[in-house]
RNA sequence: GCACCCAUAGCUCAGCUGGAUAGAGCGCUGCCCUCCGAAGGCAGAGGCCGCAGGUUCGAAUCCUGCUGGGUGCGCCA
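Residue numbers (the numbering used here): 20 to 600.
Structure follows, in structure tokens:
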């Protein structure tokens, strides 16, 4: 249930009446007619722009249409009054009973309240993290992981059938580097002195892998050439790294539905098939690229390569799919991977990349557009950098100094709930400041705390009520007499609750889970405000002394706030707090 | 040189498929606990929405051009 769509349906119904009355011409397009909360609450509960949108096509004055529409709307029992304002806005006020029954409705539906069917069960694939299997996840990955997971949950809540997917880059040279690094640790486990050259990973997390390899294989690889061990260790090591990464993700509560291996594209004809598909569309040719202007590489020389005509699908230049020596570029398996996603029958694809892959967006969109004949939309969300702070001071990361911060470091220091919430209180395309101290601060300045506090307060009221022998189960609460929830402050809380379903749809449509976090902050603010009003106005307190029935109706409102907070936090992957400590 | 992202209060940031007098928090000023958690609340001051044009009933929002910051740019994935 969504009050805004209900009222919009009413507006449309009344517009049709006006058409029947001959006030408006037939055949008008209502697509742009919106019913929204007015920016200023003084204007009313809901506003529609119908008159302004329809004035031109109806060849009429906005205010005339608005007046006629207002008269029609005033007939509806739900509308207390409808008045024209400004250039032709129509402001509506709703009966208090609407807001009261909304509270009952929230309790009826529980955390399903706000779920939407805008997704219509469409299948959507969200690919995220996709870090190379060469080591543990770091902070940058954390943001992408949290964002992707929350977006997936949000889309699921909005009625999509979502698959979370991880693309394992286990086909390239970086896995060879990993294998060589593990080999060094393996030799080390055999007591040899080893040196880590530039082209190796010196990270200590490989010590254990080398040791395990020794335990399994003994000295079988010692003193052997790469041709003996490279491919085997590559496999062994990348499996180990994926175990590590899976555990990292699990520590944040993230579980992927699909892990797709790049390696599985090679030697199976999948890359060839994808390229063939493009070739059949006339989008593959042999050619020479222009050097990039202004930043000409020293060793630039013209080369003939196999190119994908990505410019025909919105890219700036055509992109190579084969190197001059005939081997695939990185782009080729990526095309094949997306071809696979397209052929798996998804209605839409979402890729989540780090900001450093921004240059990749156009060619990837071009590829999917070409592969699916523009039928499968691909949205690519970039997550910007995370800047770390400690006590307000920038926290420098350096791989060499061993001070690079991993996902595990973050989770261990602040916990998964805080890490997730903080990462989601910013738009994905804005850089994020993450201060290890500030995120644990207990004040209004810290949204995590503030929202959790609101939830904990409500739980506290429920506990208190139970101690006093008042029944506070949802079945009892929703049957309570809610008509005394009539004070402006109480109605305002209910109005905020009414926005939830609408917000879910907006956030899902724009692929912006941060909107959920901001909404929860606003809702928490309403709750805290009402709570404090109880200081001066005892009739607003949730616990009405000696009056169980009155208490139950007040608590019903508080409980419905807790339900929506829990639902919102659920989307963000955060556990609602029972109490603050 | 080109592409993408960002620019809103002193600071950190919201702002819905274009809507009315642009909103929060921090900081600043002043208030509110015999009362369900003051870990909170209320009020006040604080704005050329980077600059300049354009589109229209209407622009922080869309388009173009600038300025400043970030990211990236053919045999690295």
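Just so you know, even glycine gets a beta-carbon here, dropped at the ideal spot from N, CA and C.
TODO: Using 10 angstroms around the beta-carbon of residue 146, count the other beta-carbons present and answer buried if the total reaches 16, otherwise exposed.
DONE: buried
Open item on the list: Taking only three categories from DSSP, how would you classify residue 541?
Closed with: helix
Task: residue 465 to residue 455 span [Cα, whole Å] - done: For residue 465 and residue 455, the distance between alpha carbons rounds to 12 Å.
Open item on the list: Cutting at 6 Å between CB atoms, please list the residues of its own chain near residue 115, excluding the five before and the five after it.
Closed with: 505
TODO: Please name the residue in 128, 73 and 100 whose C-alpha comes closest to that of residue 106.
DONE: For residue 106, the closest C-alpha among the options 128, 73 and 100 is that of 73.
Open item on the list: Just verifying my parser: in three-state terms, what is the DSSP assignment at residue 157?
Closed with: strand
TODO: Give every residue of the same chain whose Cβ lies closer than 7 Å to the Cβ of residue 521, excluding the five residues on either side of it in the sequence, and list them in chain order.
DONE: Within the same chain, residue 521 has close Cβ partners 21 and 23.
TODO: Verify whether the separation of the beta carbon atoms of residue 54 and residue 84 is less than 8 Å.
DONE: no
TODO: Could you tell me which of 379, 598 and 304 sits nearest to residue 482, measuring between CA atoms?
DONE: 598
Open item on the list: Tell me the DSSP secondary structure of residue 124 in three-state form.
Closed with: helix
- [ ] My understanding is that residue 515 touches residue 542, with C-beta atoms under 8 Å, so please give their C-beta distance in whole angstroms.
- [x] 5 Å
Task: Assigned secondary structure, residue 347 (DSSP; H/G/I helix, E/B strand, else coil) - done: strand
Open item on the list: Quick test of your reading: residue 523 and residue 546, contact by CB under 8 Å. State the CB separation rounded to the nearest angstrom.
Closed with: The C-beta distance from residue 523 to residue 546 rounds to 19 Å, too long to fall under 8 Å, and the pair is not in contact.
- [ ] Determine the direct distance from the alpha carbon of residue 202 to that of residue 219, and round the result to whole angstroms.
- [x] 10 Å
TODO: Decide if residue 226 is buried, meaning its Cβ has at least 16 other Cβ atoms within 10 Å, or exposed.
DONE: The residue in question, residue 226, is exposed, as its Cβ has fewer than 16 Cβ neighbours within 10 Å.
TODO: Go to residue 471, then tell me how far its alpha helix (DSSP H) extends in each direction, as first and last residue.
DONE: Per DSSP, residue 471 belongs to the alpha helix (DSSP H) from 466-486.
- [ ] In angstroms with no decimal places, state the Cα-to-Cα distance between residue 206 and residue 216.
- [x] 15 Å
Open item on the list: For a test of your reading of the model: does the CB of residue 73 fall under 7 Å from any non-hydrogen atom of the ligand MN? Yes or no.
Closed with: Ligands are entirely absent from the displayed structure, and the ligand MN is therefore not among its contents.
Open item on the list: On the DSSP letters alone, give me the boundaries of the alpha helix (DSSP H) that residue 231 sits inside.
Closed with: 224-236
TODO: On a CA-only basis, which of 394, 596, 448 and 288 is nearest residue 404? Give me that one, please.
DONE: The shortest C-alpha separation from residue 404 is found at 448.
TODO: Measuring alpha carbon to alpha carbon, tell me which of 177, 431, 153 and 434 ends up nearest residue 199.
DONE: 153
TODO: With DSSP as the reference, label residue 401 as helix, strand or coil.
DONE: If DSSP states are grouped into helix, strand and coil, residue 401 belongs with the strands.
TODO: State buried or exposed for residue 333, treating a residue as buried only when at least 16 other CB atoms are found within 10 Å of its CB.
DONE: exposed
TODO: Tell me whether residue 23 sits in a helix, a strand or coil according to DSSP, three-state version.
DONE: helix
- [ ] Can you have a look at residue 575 and say buried or exposed, based on whether 16 or more other CB atoms are within 10 angstroms of its CB?
- [x] buried
Task: residue 110 vs residue 57 beta-carbon contact at 8 Å - done: Cβ atoms of residue 110 and residue 57: closer than 8 Å.
Task: Residue nearest to residue 572 in terms of C-alpha spacing, selected from 501, 310, 340 and 172 - done: 501
- [ ] Please name the residue, chosen from 552, 484 and 527, that lies closest to residue 565 on a Cα-to-Cα basis.
- [x] 484
TODO: Would you mind working out which of 245, 259, 243 and 246 sits nearest residue 229, comparing C-alpha positions?
DONE: 259
Open item on the list: Can you find the residues in the same chain that come closer than 7 Å, C-beta to C-beta, to residue 123, ignoring five residues on each side of it along the sequence?
Closed with: Cβ neighbours of residue 123 beyond the five flanking positions: 497 and 501.
Open item on the list: What would DSSP say about residue 527, mapped onto helix, strand or coil?
Closed with: helix
- [ ] On a CA-only basis, which of 126, 369 and 89 is nearest residue 586? Give me that one, please.
- [x] 126
Task: Local Cβ density within 10 Å of residue 247, reported as buried at 16 or more and exposed below that - done: exposed
Open item on the list: Between which two residues does the alpha helix (DSSP H) holding residue 322 run?
Closed with: Looking at the DSSP string, residue 322 is not in any alpha helix (DSSP H), and its letter there is neither H nor E.
TODO: Return the chain-ordered list of same chain residues with a C-beta closer than 7 Å to the C-beta of residue 179, the five sequence neighbours on each side being excluded.
DONE: 138, 141 and 143
Task: Exposure of residue 402, with buried meaning 16 or more beta-carbon neighbours within 10 Å - done: buried
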